[in-house]
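Respectively, the protein sequence lines represent chains A and B. Start counting the first sequence at 10; every next residue gets the next number (our numbering). Start counting the second sequence at 3; every next residue gets the next number (our numbering). These notes are about the structure you will find just below.
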Amino acid sequence: MRVSLKWLSEYVDLKLPPEELAHKLTQAGLAVDAIVRTGADWGDEIRVGEVKTVEPHPNADRLRLATVALGGDDTRRVVCGAPNLAVGQRIAFGAIGAKYRDGHNGKYGTLKAGVIRGVESAGMVMSEYELGLSEDHEGILELPADAPVGQKLADVLGDVIFELSVTPNRPDWLSVLGIAREVAALTGETVREPSLEFEAAGPAIKGKCAVAIKDPDLCGRYIATVVSGVKIGPSPQWMQERLIALGQRPISNIVDITNYVMLEMGQPLHAFDYDTIAGHHIIVRRGRSGEAFKTLDGEERELTDDMLAITDESGPVALAGVIGGLDTEVTAKTKNILLEAASFNGPNVRRTSTALKARSEASTRFEKGLPPELPALASKRATKLLVELCGGTAMQGAVDVYPGKQREARVEVTRNRIVQVLGIDPPTAKVRQVLTGLGFSARWVPPDRYVVRVPYWRPDVRIDDDVCEEIARIIGYDQIPALPLSAAIPAPVVQPRRELRERARDLLAAAGMRETISYAMTTMEILERVIPKETLAIYPPFKLVNPLTSDHEYLRPTLRASLLMTLAYNARFQKGQIAIYETAKTYERPDERKRVQGRPHGEEALPVEREVACGVVSGRRADRWGRPSDEDVDFFDAKAFVEDLLRGVNVTAEYVAADEFAMLPGRTAEIRVGGVRIGVIGQVHPDVATAFEVEQDAFLFEIVLDDLLMHVGDQRKAGSISRFPAVEQDLALIVDDETTAGALQNVIEAASLVRAARVFDVYVGDQVPAGKKSIAFSVVYQSDEKTLTDDDVAKAQRKILERLRREFNAELRA
Amino acid sequence: MPNDAVTQLRTEARKALDAAPDQGALDAWRVDFLGRKGRLTGVLRGLADLSIEEKKTVGAAANALKLELEEAFDARADTLRLASLTKSIETGRLDVTLPERPHLQGGLHPVTQLSRKILDAFRSMGFSIIEGPEVELDHYNFEGLRIPADHPARDMWDTFWVDEEVDGRRSILMRTHTSPMQIRFMEEHKPPIRIAVPGRAYRFEATDTTHEWMMTQVEILAVDEGLNMGHLKGTLLDLFRRLFGQERQIRLQASYFPFVEPGAEVAMDCYVCNGKGCQSCHGSGWIEMLGAGMVHPEILDSMGIDSRKYTGFAAGMGLERLAMQYYGVPDIRWWYQNDLRLLNQF
């Protein structure tokens with residue numbers, strides 16, 4: 010909403026400088042986003058002039074010479090190119106030194122004395138564009154005929170415009186009068202209501218026009234007035250200026266009056282051509298399926314029974330509160346006006362205007378719920394203007410059908426409630442002063458309460474806490490003290506899943522990975538790179554109805570694609586090692602078989618959100634100087650991060666070679682805990698990597714934290730530290746190719762006296778038979794009870810070997 | 003004359019010792035002069051052939067010489083050790099400005115870091131950290147918060163709708179704020195309540211340098227007996243001071259959110275210019291921080307919490323714009339672009 014302070018000052022005295030007023034309004038909830046000054050640069054050089062003579066330019070066909078009077082004896086001769094220049098006009102005259110906007114480059118400059126085609130020009134007759142008022146280049150600005158000659162233009166046309174953000178609970182602030190009321194409350198001034206007085210010289214309206222409301226749930230009031238014999242033409246200059254100042258385009262006097270009153274009082278109005286209304290009979294009813302008519306934007310609109318239509322005896326003539334009909338609109342030939350001022354159901358107007366994509370100044374006001382008292386006032390105001398500005402004659406009275414009349418709202422507020430909510434206890438006199446200033450009436454009923462009558466324009470105030478807010482915002486939120494939270498701290502509520510995710514986040518970062526955060530939506534094409542089509546068919550990812558772009562259409566059921574995209578993006582700039590991860594939700598279709606039925610509000614239809622940690626490692630390790638070395642990272646770099654994470658939460662995992670979609674067979678493993686899968690790790694299939702434009706080996710892991718959660722170990726307890734020496738021995742084994750180091754290690758570490766075993770060499774080649782490999786372990790033997798003898802160690806090793814031979818056909822390497 | 007032999011030996015030994023260039027030569031010298039078969043031992047052995055008188059004088063001189071030479075040996079050894087240390091210090095001098103041996107530098111995303119700071123502040127004020135679903139039901143995101151269908155306030159939250167229907171109605175959406183957790187939490191828990199809810203939220207909104215469609219929010223909710231707007235103000239002021247310094251000031255302006263009454267927009271004086279107005283705060287001296295208010299009594303009542311007995315406050319803030327200011331990033335879209343050249347700086 011824009012408001013002109015000039016217009017505003019008609020209803021309330023503005024004694025504060027604009028900045029101070031803007032600050033007060035903003036503090037009270039009517040945010041002034043910008044203050045725009047028109048005419049601020051005009052200074053003394055631009056004044057009102059009267060065109061005295063216009064003659065042809067001796068040397069140019071398109072230019073003319075004009076003499077302009079500036080009051081007293083002061084006349085100037087200027088060269089002017091505007092076609093609409095005429096003797097007797099009041100115009101804006103820019104003298105030498107005036108600031109103006111250059112029509113060629115749009116830049117502001119200072120007017121200099123000059124000779125144009127051989128004739129000296131002492132200034133300039135200015136256009137709206139040159140004055141910076143509008144983008145209109147066409148001709149000079151014509152001022153009202155009563156503009157005082159010689160006056161500074163800034164005094165005549167200058168204005169201050171507030172650009173306001175109006176919250177949806179305050180449709181009254183979508184009007185100059187409503188803003189005036191707020192200003193009055195904040196500055197202690199009184200509001201001057203606009204005049205509603207006019208002479209109705211026509212016949213009584215009874216019998217000339219009828220109104221019936223068939224659906225009073227959607228239309229609480231409908232007032233029709235008739236003005237006959239109007240002359241269609243432009244509206245007066247002052248009205249046009251006000252409309253322009255508030256961002257409305259002047260159209261014709263009739264339309265301008267309806268818009269003017271809407272801006273002035275907040276009530277949208279509609280003017281019908283009285284003679285086109287069949288039977289002069291307005292019937293307000295729900296639309297009927299199949300019913301259609303042309304609205305004044307030329308669109309053919311089909312009605313539904315959810316829409317409220319204004320109809321006459323032959324059919325729809327308007328969509329209530331949204332848009333008028335083409336056939337009944339006011340045209341140049343219109344003689345008689347039927348003026349509608351009505352109260353429509355807000356949600357219904359919103360639904361209709363949204364469905365038809367026809368939201369307008371009118372519908373955005375109606376949808377916020379306008380009070381039914383307002384149409385009566387706006388109807389009178391507009392009828393008055395139709396009579397006074399369009400030469401019309403008003404019929405006497407109005408047709409006023411008012412099924413939605415409500416009792417005046419009263420709210421009781423106790424003093425205790427004010428203290429309970431606001432933490433302050435303003436004196437009774439102050440409370441009453443604040444409320445009275447806002448147009449409420451407040452009666453103090455001893456010992457403890459106020460009875461507050463709410464003015465019609467404030468239907469948003471319904472309960473005592475609403476009144477508390479009114480008191481607080483006018484007194485000022487800055488009067489509320491800042492208090493510490495002093496009550497006892499409630500018992501903590503812990504979400505283990507969240508705790509695990511935050512721990513995982515920290516552990517991966519500490520291990521050297523960089524956290525990324527990526528968008529939660531992606532495309533089907535990208536998902537198909539990392540999830541089999543069959544799976545996507547059985548569990549289709551959730552889709553947005555209204556994605557911002559097609560790049561973000563589907564909710565991701567995996568983080569893998571996001572990480573690979575982030576890798577691809579960064580690999581372009583960075584040749585060294587990249588180790589990135591994200592912890593985020595995946596959104597999966599709930600398994601129909603596991604659906605929990607009967608949860609409230611359709612809860613079971615929501616996606617299953619699982620916490621997942623996903624990481625990607627790629628590129629070359631750094632050398633001593635941090636430059637990429639010749640060594641590429643591999644599977645085991647990725648595994649190190651996974652192990653850091655799992656160790657951090659006290660989980661021991663097994664890695665079981667597995668095939669996984671989009672991963673390279675033979676270089677991929679399931680991560681299992683207690684035999685149950687918690688994630689996957691492996692090399693991204695080169696074809697998949699290429700699809701993401703990753704042209705280097707990439708190693709990825711994905712751990713479903715929700716699955717890991719149940720395995721998170723208890724607090725680790727300290728093991729014994731033996732005071733007897735440990736004996737370290739190497740154990741080189743020859744085993745079949747398919748035997749895994751992990752299986753051997755499990756056997757070795759299970760043996761008595763073995764404290765730890767770790768692989769230190771793997772060999773395949775000429776030194777071992779075909780189909781075999783050598784794996785060497787460094788085994789640490791130690792006892793808590795004694796110093797081990799060579800014999801003890803030899804015996805232990807013999808037992809280990811026996812078991813390895815039995816279970817894995819392992820041989821000691823010679 | 004035998005005393006001359008001792009004198010002679012002394013001269014030779016001292017000369018040889020001073021000439022010993024290193025530890026090896028020193029050891030050889032020791033064997034030569036002081037060893038079991040060394041020359042001084044030789045002199046002592048030769049005493050047997052001498053008279054008692056001579057034995058006395060020569061013996062005393064030889065013993066004195068032994069002590070003297072042992073001391074001289076130690077001193078020379080010290081000198082040599084020091085010299086060699088000095089030399090090794092000279093040759094081993096490091097250019098300490100050379101770069102460290104690199105290892106992978108991990109780290110949290112700056113938005114995560116900022117979120118942690120905020121949550122730490124709230125946690126120390128007794129708030130539990132709670133999260134909820136990102137894909138929500140209309141019921142929790144809007145209706146339960148007093149924003150029914152066709153309510154004009156829905157325009158305040160442009161919404162991504164999920165293409166699913168529940169009982170013939172489209173009612174699943176990407177949550178537009180973290181406020182649904184107010185309802186979810188109060189369904190399960192009764193006062194006293196003090197929670198902070200971090201999480202992602204989504205707005206159907208065109209992006210530019212200060213608008214992003216995915217955002218991180220932190221919401222707080224406190225419900226108890228005796229909580230009023232002063233406590234809301236105090237809690238937020240406490241947050242600002244913990245994050246941006248003890249001198250921070252708070253400003254509340256009236257505003258409207260359907261789920262609070264009274265409602266407020268909350269700003270903090272700019273920590274860069276201390277409220278004087280600078281580039282960082284666009285000259286206003288204030289930084290818009292969050293929306294807040296007293297929990298609407300109808301919401302408390304709908305949760306089975308008596309609004310005449312209990313009152314509460316709630317506040318919600320988006321982190322990305324604050325993070326721009328905090329970390330000096332000019333474009334909000336940089337946060338989720340995941341350019342390591344940016345992330346590695348934090």
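Backbone N, C-alpha and C fix where the C-beta goes; we use that ideal spot for every residue, glycine too. No experiment lies behind these values; they were computed from the predicted model shown.
Check                                                                                                                                                                                            : Outcome
Can you give me the C-alpha to C-alpha distance between V270 (chain A) and R190 (chain A), rounded to a whole angstrom?                                                                          : 16 angstroms
Which residues in the same chain as M3 (chain B) place their Cβ atom closer than 7 angstroms to its Cβ, once the five residues preceding and following it in sequence are excluded?              : Confidence is the limiting factor: at M3 (chain B) the pLDDT is only 44, short of 50, which leaves the residue's position unreliable, though a coordinate-based value still follows. Cβ within range, chain order: n/a, list empty.
Is it buried or exposed for T99 (chain B), if we count other Cβ within 10 angstroms and need 16 for buried?                                                                                      : exposed
Are the beta-carbon atoms belonging to A518 (chain A) and G109 (chain B) less than 7 angstroms from one another?                                                                                 : yes
Which word fits I252 (chain B), buried or exposed, when buried means at least 16 other C-beta atoms lie within 10 angstroms of its C-beta?                                                       : buried
How about P180 (chain A) and L379 (chain A): are their beta carbons less than 7 angstroms apart?                                                                                                 : yes
Would you call the segment 461-480 of chain A and the segment 284-301 of chain B touching, i.e. three or more CB-CB distances under 8 angstroms?                                                 : yes
Using the beta-carbon of each residue, which ones in chain D are nearer than 7 angstroms to W215 (chain B)?                                                                                      : Of the protein chains in this structure, namely A and B, none is chain D.
Please report the Cβ distance between A760 (chain A) and F786 (chain A), rounded to the nearest whole angstrom; I am assuming they are in contact, meaning their Cβ atoms lie under 8 angstroms. : Not really, about 11 angstroms apart at Cβ, beyond 8 angstroms.
If you drop the 5 nearest sequence neighbours on each side, which residues of the same chain put their C-beta closer than 7 angstroms to that of A163 (chain A)?                                 : G48 and W51
State the DSSP-derived secondary structure class of M3 (chain B), mapped to helix, strand or coil.                                                                                               : Low confidence applies here, because M3 (chain B) scores a pLDDT of 44, under 50, leaving its location unreliable and the question unanswered by this model.
Within the 7 angstroms Cβ cut-off, does W336 (chain B) reach chain A?                                                                                                                            : no
Give me the Cα-Cα distance between P225 (chain A) and A193 (chain A), rounded to the nearest whole angstrom.                                                                                     : 35 angstroms
Decide if the segment 611-628 of chain A is in contact with the segment 679-686 of chain A; the criterion is three or more beta carbon pairs, one per stretch, under 8 angstroms apart.          : no
Leaving out five residues before and five after G103 (chain A) in sequence, what residues of the same chain have Cβ atoms less than 7 angstroms from its Cβ?                                     : E54, I55, Y109, L120, G132, M133 and M135
From V57 (chain A) to I188 (chain A), what distance separates their C-alpha atoms?                                                                                                               : 31 angstroms
Out of B:A224, B:T88, B:D240 and B:I120, which has the shortest C-alpha to C-alpha gap to A500 (chain A)?                                                                                        : B:A224
What is the DSSP secondary structure of S304 (chain B), reduced to helix, strand or coil?                                                                                                        : helix
Please name the residue, chosen from B:A22, B:L241, B:R186 and B:L139, that lies closest to D169 (chain B) on a Cα-to-Cα basis.                                                                  : B:L139
State the beta-bridge partners of W163 (chain B) as determined by DSSP.                                                                                                                          : B:L175
7 angstroms is my cut-off, CB to CB: does Y528 (chain A) come that close to chain B?                                                                                                             : yes
Quick one: Cα of D800 (chain A) to Cα of P23 (chain B), how far?                                                                                                                                 : 51 angstroms
Nearest to K393 (chain A) by CA position, among A:P384, A:A403 and A:A385, is which residue?                                                                                                     : A:A403
Give me, in chain order, the residues of the same chain whose beta-carbon lies closer than 6 angstroms to that of I535 (chain A); leave out the 5 immediate sequence neighbours on both sides.   : A570
Throw me the rounded Cβ distance for the P67 (chain A) and V128 (chain A) pair, which I believe falls under 8 angstroms.                                                                         : 7 angstroms
Just tell me which of A:Q249, A:V440 and A:N354 has its CA closest to the CA of F449 (chain A).                                                                                                  : A:V440
In terms of DSSP beta bridges, what is T531 (chain A) paired with?                                                                                                                               : A:Y563
Can you find a CB in chain B that lies within less than 7 angstroms of the CB of E912 (chain A)?                                                                                                 : In the structure as shown, chain A starts at 10 and stops at 823, and residue 912 (chain A) therefore has no counterpart that could be examined.
Out of curiosity, what's the CA-to-CA distance linking G40 (chain B) and K17 (chain B)?                                                                                                          : 16 angstroms
Hey, would you say V626 (chain A) sits closer than 7 angstroms to A667 (chain A), going by beta carbons?                                                                                         : no
Is it true that the CB of S261 (chain A) sits closer than 7 angstroms to the CB of N345 (chain A)?                                                                                               : no
Taking C-beta to C-beta, are A221 (chain A) and I292 (chain A) nearer than 7 angstroms?                                                                                                          : yes
Measuring only the C-alpha atoms, how far is V88 (chain A) from A341 (chain A)?                                                                                                                  : 37 angstroms
Cβ closer than 8 angstroms: which chain B residues qualify as neighbours of W634 (chain A)?                                                                                                      : P101 and P104
Measure from the alpha carbon of A496 (chain A) to the alpha carbon of each residue in B:G314, B:D333 and B:A325, then state which is nearest.                                                   : B:G314
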